Amino acid sequence: MKIAVLLTMVPDPVEELEIDPSGTALDTQWLRYVLSESDDHALEQALLLKERHGAQVTALALDYGDVDQTLFTALAKGADEAVKIAPAPEGSVTRHEAAAIFAAILRRRPADLVLTGVQAINDLDGHLAGLLAGLLDLPYVGVTRSVEPAPDGTVLVQKEYPGGVAAEISVPLPAVIGVISAPQPPRYVPVARIREVMRTRSIGTEALPAIGAQPVPAIRRLYKPTAAGGATMLAGTPEEVARELVAVLVDRGVLR
Amino acid sequence: MSAPSPEVWVYVEHLKGSVAPHTYELLGRGRELAQSLGGRLVAVLLGRQAADLARTLGAADLVRLVDHEQLEAFTPDGHARTMAALAEQHRPHLVLCGATSAGIDLASLLAALLQVPMVANVRAVGVEDGRILATSQLCGGKLLCDVEVPSGSVLAVLAGAYPAEAGMSTGEPPVETAAAPDLLARVRAQVVRLIEPAAGDVDITRVPVLVAVGRGIQRKENLPLAEELAALLGGAVCASRPVIDQGWLPLSRQVGKSGMTVKPRLYLALGISGAPEHLEGMRQSELIVAVNTDPAAPIFTVAHYGVVADIFEILPALVAQLAKAKRAA
Ligand SMILES: Cc1cc2nc3c(=O)[nH]c(=O)nc-3n(C[C@H](O)[C@H](O)[C@H](O)COP(=O)(O)OP(=O)(O)OC[C@H]3O[C@@H](n4cnc5c(N)ncnc54)[C@H](O)[C@@H]3O)c2cc1C
Numbered sequence: 001m002k003i004a005v006l007l008t009m010v011p012d013p014v015e016e017l018e019i020d021p022s023g024t025a026l027d028t029q030w031l032r033y034v035l036s037e038s039d040d041h042a043l044e045q046a047l048l049l050k051e052r053h054g055a056q057v058t059a060l061a062l063d064y065g066d067v068d069q070t071l072f073t074a075l076a077k078g079a080d081e082a083v084k085i086a087p088a089p090e091g092s093v094t095r096h097e098a099a100a101i102f103a104a105i106l107r108r109r110p111a112d113l114v115l116t117g118v119q120a121i122n123d124l125d126g127h128l129a130g131l132l133a134g135l136l137d138l139p140y141v142g143v144t145r146s147v148e149p150a151p152d153g154t155v156l157v158q159k160e161y162p163g164g165v166a167a168e169i170s171v172p173l174p175a176v177i178g179v180i181s182a183p184q185p186p187r188y189v190p191v192a193r194i195r196e197v198m199r200t201r202s203i204g205t206e207a208l209p210a211i212g213a214q215p216v217p218a219i220r221r222l223y224k225p226t227a228a229g230g231a232t233m234l235a236g237t238p239e240e241v242a243r244e245l246v247a248v249l250v251d252r253g254v255l256r
Numbered sequence: 001m002s003a004p005s006p007e008v009w010v011y012v013e014h015l016k017g018s019v020a021p022h023t024y025e026l027l028g029r030g031r032e033l034a035q036s037l038g039g040r041l042v043a044v045l046l047g048r049q050a051a052d053l054a055r056t057l058g059a060a061d062l063v064r065l066v067d068h069e070q071l072e073a074f075t076p077d078g079h080a081r082t083m084a085a086l087a088e089q090h091r092p093h094l095v096l097c098g099a100t101s102a103g104i105d106l107a108s109l110l111a112a113l114l115q116v117p118m119v120a121n122v123r124a125v126g127v128e129d130g131r132i133l134a135t136s137q138l139c140g141g142k143l144l145c146d147v148e149v150p151s152g153s154v155l156a157v158l159a160g161a162y163p164a165e166a167g168m169s170t171g172e173p174p175v176e177t178a179a180a181p182d183l184l185a186r187v188r189a190q191v192v193r194l195i196e197p198a199a200g201d202v203d204i205t206r207v208p209v210l211v212a213v214g215r216g217i218q219r220k221e222n223l224p225l226a227e228e229l230a231a232l233l234g235g236a237v238c239a240s241r242p243v244i245d246q247g248w249l250p251l252s253r254q255v256g257k258s259g260m261t262v263k264p265r266l267y268l269a270l271g272i273s274g275a276p277e278h279l280e281g282m283r284q285s286e287l288i289v290a291v292n293t294d295p296a297a298p299i300f301t302v303a304h305y306g307v308v309a310d311i312f313e314i315l316p317a318l319v320a321q322l323a324k325a326k327r328a329a
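Line order of the protein sequences matches chains A and B. Letter by letter, the first sequence follows residues 1 to 256 of the working numbering. Letter by letter, the second sequence follows residues 1 to 329 of the working numbering.
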């Protein structure tokens, strides 16, 4: 089975995010990008399929931020191939545009199973996996927590429904799956192993395809929410804060 | 091409014979939007023998129903492709669905099939001078983005963005049954079975005090700190998704969109950022106390009391104070 895993770089949520002077985009000058969390789970899901059932895993990513590091890490974790779509597209890429780019690449190099994270923290105009499935006219299931091949050549996926319920869905291949979690946490690779891979392996490239204009909403303003001001903030030494909190709990009758 | 009719659509989410509470939130807001746009509110109900559910959708001017065995349980393919076929026929001005685990799949696929814009994580939608404006929440609530939405767009609206009461009128709304589109024969993904949540050791929906840990707890080895506090408070430990995904606690302890909805007397959120998917499961708690090192963490927008601090400093102090208070009592 040929598996393509699509990896998206997103702003590091731990960093302070600044808006650029246009007021409609993030200031990218100091922005640090990291791999989107659910894409890391998608990669783990692909590697589990490879280990348990045999598969050829290719990681694909747009040329963005520190993507080389991410692609080498995918190789170090066990991906067979890592491919960067280059050059970097101009400006930021909407999800509709990213879906159109990946669709063009996947038409050039088809996969039996396309895995990607079901969402990224900066999704504005949609989520990549579903958009891509629509463009490629492939079966799609998202918000999955496990993907297993079935004897009849389909895959059985577990999709989350609300309230802790899940559904087991049989999906014929080729298909696009939007992963929320892999059956186990994404594996860790030591930095030394990544360095070794950087010396011994290389990242392939695919030329950035031309895509037509995509339907996207017009951004008027990007901003930070003003604090709702609802919370009473407690400050002081940990002991002072703890004392105050205990007083609140007694006052509210939570502590008996 | 004819001008789009000013229909506002709400996709009706349902599971095991009940309409999702979130659908009523959308119907309530959809009612107002339809009014501002001078159009009608249409609830789109896809399912198998689902006509009975229409009676709970009285807030809509019309229920458009497609009944087909392939639509019994939600699959993105079955439901999005049917929605797309209906939309091509009726050209709705706006399609609202929930930013739920079904809705986010539906919305993206539908937007791609129709080649229309979509807005994810919508927390507000309104009409200004005849234009539709939506506010999307990004980066787990750290950023907001106002966008102008062209006619025909699909919006995935966060749970809790609007009150459900306004959408909860019952009655006998007119039902228009639409034929199942031919393409249903081509739908390839099939639901094999539903998997009910495994009963946990503790039912966190019934515990009066919840000590909730997020990624800020850092390591499994740190969990006993939270357990000790929960024991002192007569409660239980629950967690945000990353903690569960790491396998540090069972799925039955997850609070949020994919986990449990809880409403304890006290919800103590430790090292939880307050992403919309988490807030969805706990915002109704009677008293919310949040401890987070980041003063801009969105959890503080729902908390009643907040502390900007390291949980590893606050936790031991709190345990000590509580033990003292208990001894004194
Ligand atoms: C379809 C779908 C369903 C989802 N369902 C759920 C769900 O049911 N439940 C859920 O929780 N999430 C769910 N999520 C995930 C959700 O989007 C967030 O990723 C998740 O809630 C984040 O968890 P967190 O707050 O623990 O982690 P983070 O967002 O990483 O936040 C960690 C926080 O801890 C703080 N922190 C770090 N160290 C310390 C310290 N020492 N002291 C104090 N504070 C510290 C940081 O400042 C940060 O605010 C879902 C996502 C999707 C797409």
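All C-beta atoms, glycine included, are put in the ideal place defined by N, C-alpha and C. All values derive from a computational prediction rather than experimental measurement.
Query                                                                                                              : Result
Contact test: A/Glu18 Cβ vs ligand 1 heavy atom, cutoff 7 Å                                                        : no
Through-space distance from B/Val308 to A/Glu240, alpha-carbon basis                                               : 13 Å
Listed by chain order, chain B residues near A/Ala99 by CB distance under 7 Å                                      : Ala112
Any alpha helix (DSSP H) of 4 or more consecutive residues that is wholly inside the stretch 88-115 of chain A     : 95-108
Cβ pair B/Leu65, B/Leu45 closer than 8 Å                                                                           : yes
DSSP beta-bridge partners of B/Gln137                                                                              : B/Leu144
C-alpha gap between B/Gly17 and B/Ile104, whole angstroms                                                          : 21 Å
Stretch pair the stretch 56-74 of chain B + the stretch 195-212 of chain B: three plus CB contacts closer than 8 Å : no
Nearest candidate by alpha-carbon position, reference B/Leu232, set B/Pro208, B/Leu249, B/Gly214                   : B/Pro208
Cβ neighbour criterion (16 or more within 10 Å) applied to A/Ser22                                                 : exposed
Chain A contact residues for B/Ser153, given Cβ-Cβ distances below 9 Å                                             : Pro215, Pro217
Residue closest to B/Gly200, alpha-carbon to alpha-carbon, out of B/Gly78, B/Ala185, B/Val237                      : B/Val237
Contacts that B/Asn121 makes with chain A (C-beta to C-beta distance below 9 Å)                                    : Gln119, Asp123, Leu124
Range of the contiguous alpha helix (DSSP H) that encloses B/Leu183                                                : From DSSP, B/Leu183 is part of no alpha helix (DSSP H); its letter is neither H nor E.
6 Å Cβ shell around B/Thr135 - same chain, five flanking residues per side excluded                                : Arg123, Ala124, Leu144, Asp146
Positions along the stretch 182-201 of chain B whose CB lies within less than 9 Å of some CB in chain A            : Val187, Arg188, Ala189, Gln190, Val191, Val192, Arg193, Leu194, Ile195, Glu196, Pro197, Ala198
Cβ neighbours of B/Leu287 in the same chain (closer than 6 Å, five flanking residues each side left out)           : Leu266, His304
Cβ neighbours of A/Leu31 in the same chain (closer than 6 Å, five flanking residues each side left out)            : Pro11
Candidates A/Lys159, A/Lys84, A/Lys77, of which the one nearest A/Tyr64 by Cα                                      : A/Lys84
Rounded distance between the beta-carbons of A/Arg95 and A/Asp123, thought under 8 Å                               : 6 Å
Closer than 8 Å to chain A by CB, B/Gln246                                                                         : yes
Near ligand 1: B/Asn292 beta-carbon under 7 Å from a heavy atom                                                    : yes
Anticipated Cβ contact below 8 Å, B/Ala371 with A/Pro139, distance rounded                                         : Missing from the structure shown is residue 371 of chain B; chain B here goes from 1 to 329 and no further.
Minimum Cβ-Cβ distance from B/Ala317 to chain A less than 8 Å                                                      : yes
B/His14 at chain A interface by Cβ criterion, 8 Å                                                                  : no
Buried/exposed call for A/Asp137, threshold 16 Cβ in 10 Å                                                          : exposed
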